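S.K.: Right, I'll just put the structure down here and ask away after.
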């Protein structure tokens, strides 16, 4: 039982265990084929239409490599632990809905995609007769060999390594390329924790800088931000209209979520994908509500709101004035104009030291944080968040 | 007025003329963002989710390179001709509907995508006040400088060069790689026709072999064939149900086409994209008709029909017998079982010599067909079509 | 004991056995660092300066992959056999001298590089106390598991796979790229012989076509041929002058070989590398003999003889006449002019069916030659040699 | 007059002016074919055997791109200036001798390779009848349009862009990859100076980090340092022996330089290349002087001195003691033992702000140094030099 899947990034990905097959073939996993990894970033980077399905497979591939490198260095990993870690990384994004970055808290209000992933794993575990017990322990960080969890979720996890590599490949932003293969070879385990060998310092620094660049150049690109904010506002407007009885369900599984259910319905959630959002957007282009139809048309046709990005918030004066003009031009109220004219902030840290740290293991047994090594590139200022203010408004 | 677009295949694509911008920003062109180039091939090659939008841009980029190479060799090309050829290649796929390879004659019966492209160009030309006059002449092969048409549509056109390069990039089938940059440098014009310089012979041979490989390994991959045939049958069944009044329109623009209109309605056609097909497939998974719901579920969840590919047709006996078994198992009639059990043929030629030929211009002025050069790799047998027979049926 | 070597082609190459280390560190193997794989081809492809050292390591890497793929398919390969095959491929080129393609039978008259490799292996085996016993059996084709020998030397050996991949990488001739990773995954063993699975047919066809292209476009490129023939003639002239006592040894290890020894002296041979040839060429640019100094200067400064390549031999008339002109211009005799004006032939076969064949194993157990499969690209004509005639003479 | 050269890094490099051809074909430029760009780094990175010839061509290619990008942005560059800048970059490394990094001040004492390049350009200018007048002005920084000089030599010159890209390609250290194509598109000219547009900040930061990584991971890799120091000491010893009359010239052009001439002899210098050094090293392996022969053998066979790299200098005690042991073991004096046991320092700065700075031009016209932008990655500490201490000694 052995299957080989072509991947433009790594060449071939090998699947060789029945449990991995069962996950792969499950309709809920197949759903990830219909959810793009980078959502609206393809408006700026038209090659970036790859799916969460392939990202999950890619991360699984890197997990396989990481585990076999660690084993070659003498780290004790049983076949059960290996399988559980592989299943865990394959499922790490299963809880993502469509356009997740933008819609995460819009579709399902108080629930992160990680929590949904956890719920889904639990359900799958029942279906698979407990085969995911160990996976769930590791995923939740409850397993003593902490490095297994850290490989799934941490500053050096294979999730990040895959998405940076993959997003950089599909966008064509070659500067985001990280040396994932070298980093994998530099990983080690010390006192149960995942660490990097001393000679890997420069690779890690480059990894963090590549990540920084990808954030500002791609993920938080101002045009992408504008498109995402438009999408968020379209769905907020739709919710409002549903509430007011001005928009009625037409069979799309998305309506259930617009009605703001008390509790998440997994079966319904696992039917959602990008086509539902796109389908409604296209339908709404012809809705009677000006806000809903205008924003939907604009987004579908890529006539995006103009956006200004800067270091200071937009003063209330110009904001109000722009709203008044827009209200006049579109023949809508000033409250409605807030859907077209708004501000907000985008934030990123190059190295988040509050979180899991990146630990370097020196030859003499010493352990230091990557920001504490000699002549560190990653200094304190990089650990503090960078905040940018954006201001969106229609093109005149 | 200059815009640079990131492309993972060529690096950067430059747009620098208002007409090209107008085309690019037109909703009908933006629609191509929502139509995947390789449709269901991503079931086998999960990276292959790139769109017709990016392919069109890529072909435009190669056209720019080809024209400037030819000019550097002294071929006379005016700025107007250059612009017209670029607009032509940008629009060459505008008439494609969703899942075009499979659905081309299912959605719009007697109309190829080229004819639709032509209709759309005519409409756009009106909108753009005649700026596409020359483009249309070239596209239709009515312009005296034949090589401009041959660059858009011929055995060595930039369309093929881009799709082979791009499909090979996104599938990860590195063997499909062609030396597009070298071929472009080997192109020349003689007596108004596009030709290849003598020293380009090996590159052209390799191009044809790469194309042959991509056909059998990717485009006509048996799993892809199976998925495409399932999709075709789902839509045929839907048409039947619409006819019988058992399936009623719900707002999807696709229904109009299922009702089999007398004439193509461009405005409706240009609203269609992949999400419409996916949306209906998902909805139909819960339809009361067993054929429609079963096939739709299977396709959505990638539980594809088994397929056998061989050199001989399936004998009527086994075909009938399998149909009877399936009818019994699924509780449907034998006529309905034909939707699950069927045969057909897939055909491809390595070098189609009936069509536009590939002409080689020798240093001494002689012109020969690529299959007529000394020690030719491309011999007569490769010009005749290879036909393979497939047989599809449900997994037991 | 584990070392990782960076390779731009495959990423990382892992060495993990003491015997492999011993070979790698041996001065005779280190010598391969100073012998370029493609010799004078760098006159046309300036990136192609990679060494036989790296090619040997690359082939070793592919051997490791091939063996582990075969093992995963159930082929029985013991650790000893694995080690022996790896040592064998690492040493397969150890008998190459400098500028081997051109000088193979000029420096050491009746001795191919394979024979020298065999002699060297024997000597190393003594040094390594018999650790190479099994390697030698395999290398000589005397071991019952024939596929091990076929992986080292055969139509599908890892030597070819590496050199095609590597030469294509370093020359930048992207069209020479073969899908080595896919071919490795398609290999299988049947009745002790190396074969290709049915679904690998297209990959193999492409491999043969890529090889054909590399031969005519790179290895037998007319400028490369010209440079090689110049080098051969320089050494022939030097031999003549040594014989006549007009050129006396100055400490270069090369002189020993110019004196035409009765028997090969391994210790001396294993001191030879590219720098010896280059050193003498540079010194000879100032020798009193016009033939020697002129040809040496021209080669060092890349002022190569003009070369015409065609399908017919050069008639004796023009040849003689050109010689007379050159004799007059350079003030040398007509016999000497033959060093500047000469003809010859270059030959290559796309698929050499006299030799080891490429066997395809079909699912039904049938075995067919690659040129005998349905719709074969590799037809009979490609198996016959293509012969081209060249004619070299000085630029006027 | 148009020639296309294959380059594995950029694909094709176009030469289209007689002056560029004349430079290219000059024996002094052809000499660069025989000088490796990375010298002894190939002991660690065996793929890194590319030559200064190809690097010079690559930098020329980037210069062509940079100039045409700048022109497209409206920067005024005349055809004469373009040609002069291209000739300048092609010749920027012409003054390099063999193993230049290590031997720069050993072979020719008080003369940097830049000064030699200048002398050579002067001589070539005479040969080419003044065609290099403008090139020399630009190269020397005496031409009013300063950006032309800055493109040849500055923090953002095309020399660096090519060598980082190329060295990273040939070593296989993918982390050294810089986004040279994006950087080129971000260049601009303001008040006569080369600057970077605001949106290029992240690319520049990544460029500096990639450079930092390449220095510590490749150029100053401890094994490379050890090999270089061995080579330096071998030549110092040879000089000493020549002085003492214990080593006598044998025709190698290198001896002239070992005799320590008062003034540089260009004609002799331009005959030197790697093969001269390699030739002598090989010959010296059999010299009677233990220091010369031992170090030469070790270097040729890659039995390198062990090296320790740290933040502190080696104390005198252990140094002396090791020397005594080595003197005893090799039967040489303690003064001679200094050739085998020695310490030293390696230094690098990530961003050298004393030198030419990297200026960022903001949209509002403001100009800031890259270390002064908001949330700068390149902070003050990175501008100060990092110094590491090494200690070399024989393996026991």
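Protein chains in written order, with this note's numbering: chain F, 1 to 396; chain A, 1 to 396; chain S, 1 to 396; chain U, 1 to 396.
Think of the CB as a built atom: it goes at the ideal place given N, C-alpha and C, for glycine as much as any other residue.
Since the structure is predicted, the reported quantities are computational estimates derived from the model, not experimental observations.
Determine the extent of the alpha helix (DSSP H) in which residue 59/U is found, giving its start and end residues.
M.R.: 52 to 72
S.K.: What is the C-beta distance between residue 158/S and residue 66/S, in whole angstroms, given that I count them as a contact (C-beta under 8 Å)?
M.R.: 6 Å
S.K.: Residue range of the beta strand (DSSP E) that residue 197/U falls in?
M.R.: 193 to 197
S.K.: Is residue 330/S close to chain A? Criterion is C-beta to C-beta, closer than 7 Å.
M.R.: Interface residue (Cβ-Cβ distance to chain A less than 7 Å): residue 330/S is not classified as such.
S.K.: Would residue 93/A be called buried (16 or more neighbouring beta carbons within 10 Å of its own) or exposed?
M.R.: buried
S.K.: Measuring straight from C-alpha to C-alpha, what distance separates residue 21/A and residue 15/A?
M.R.: Residue 21/A and residue 15/A: Cα-Cα distance of roughly 7 Å.
S.K.: Which residue marks the beginning of the beta strand (DSSP E) containing residue 7/A, and which one marks its end?
M.R.: 3 to 7
S.K.: I need the DSSP call for residue 187/U, collapsed to helix, strand or coil.
M.R.: strand
S.K.: Let me confirm a value: residue 186/U is counted as buried when at least 16 other C-beta atoms fall within 10 Å, else exposed. Which label applies?
M.R.: Counting C-beta atoms within 10 angstroms of its own C-beta, residue 186/U has 16 or more neighbours from the protein chains shown and is therefore classed as buried.
S.K.: In angstroms, rounded to a whole number, what distance separates the CA positions of residue 329/A and residue 295/A?
M.R.: 14 Å
S.K.: Tell me, please, whether the CB atom of residue 386/A is closer than 7 Å to any CB atom in chain S?
M.R.: yes
S.K.: Who are residue 309/A's beta bridge partners in DSSP?
M.R.: Within the DSSP bridge table, the entry for residue 309/A names 390/A as partners.
S.K.: Counting only runs that start and end within the segment 8 to 53 of chain U, where is the alpha helix (DSSP H) found for 4 or more residues in a row?
M.R.: 18 to 25 and 27 to 30
S.K.: Just to make sure I have the definition right: I need the residues of chain S whose C-beta is within less than 7 Å of the C-beta of residue 45/U. Which are they?
M.R.: Result: 6.
S.K.: Alpha carbons only, please: which of 28/F, 134/F and 63/F is nearest the one belonging to residue 80/F?
M.R.: 134/F
S.K.: Between the alpha carbons of residue 301/U and residue 278/S, how many angstroms are there, rounded?
M.R.: 20 Å
S.K.: If you measure from the beta carbon of residue 181/F to each beta carbon in chain S, is any gap under 7 Å?
M.R.: yes
S.K.: Report yes if the C-beta of residue 393/A is less than 6 Å from at least one heavy atom of the ligand COA; otherwise report no.
M.R.: Judged by which ligands are present, the structure shown has none, so any question about the ligand COA falls away.
S.K.: How about residue 372/U: is its C-beta nearer than 7 Å to some C-beta of chain F?
M.R.: no
S.K.: Please confirm if residue 397/S has its CB atom under 7 Å from at least one CB of chain F.
M.R.: The structure shown does not extend to residue 397/S, since chain S is modelled only from 1 to 396, so the question has no answer here.
S.K.: Check each candidate in 17/F, 46/F and 50/F and name the one with the smallest Cα separation from residue 33/F.
M.R.: 50/F
S.K.: Along the segment 261 to 282 of chain F, what residues have a CB closer than 8 Å to any CB found in chain A?
M.R.: Contacts with chain A (Cβ-Cβ distance below 8 Å) from the segment 261 to 282 of chain F involve 271, 273, 274, 275, 276, 278, 279 and 282, listed in chain order.
S.K.: Just confirm the distance between the C-beta atoms of residue 258/A and residue 242/A, as a whole number of angstroms; I'd bet it's less than 8 Å.
M.R.: 5 Å
S.K.: Between residue 172/U and chain C, is any beta-carbon pair separated by less than 7 Å?
M.R.: Among the protein chains in the structure shown, which are F, A, S and U, there is no chain C.
S.K.: Quick check on residue 348/U: does DSSP put it in helix, strand or coil?
M.R.: Strand at residue 348/U.
S.K.: Closest to residue 2/S by CA distance: which of 19/S, 10/S, 8/S and 359/S is it?
M.R.: The shortest Cα separation from residue 2/S among 19/S, 10/S, 8/S and 359/S belongs to 19/S.
S.K.: Quick one: measure Cβ to Cβ for residue 13/S and residue 61/S, integer angstroms, because I've assumed they're closer than 8 Å.
M.R.: 5 Å
S.K.: Should the segment 368 to 380 of chain F be called in touch with the segment 331 to 347 of chain F, which here means at least 3 C-beta pairs below 8 Å?
M.R.: no
S.K.: Measuring only the C-alpha atoms, how far is residue 367/U from residue 383/F?
M.R.: 26 Å
S.K.: Does DSSP put residue 343/S in a helix, in a strand, or in coil?
M.R.: When secondary structure is reduced to three states using DSSP, residue 343/S falls in the strand class.
S.K.: Using the Cα positions of residue 331/F and residue 240/F, report the straight-line distance between them to the nearest angstrom.
M.R.: 19 Å
S.K.: Counting only C-beta atoms, is residue 257/U closer than 7 Å to chain S at any point?
M.R.: no
S.K.: Please return the same chain residues whose Cβ sits closer than 8 Å to the Cβ of residue 198/S, not counting the five positions on each side in sequence.
M.R.: 360, 361, 362 and 363
S.K.: Pull up the distance between the alpha-carbon of residue 104/A and that of residue 147/F, whole angstroms please.
M.R.: 52 Å
S.K.: When DSSP labels each residue in this structure, what does residue 167/S get in the three-state scheme?
M.R.: helix
S.K.: Does the beta-carbon of residue 182/A have 16 or more other beta-carbons within 10 angstroms, so that it is buried, or is it exposed?
M.R.: buried
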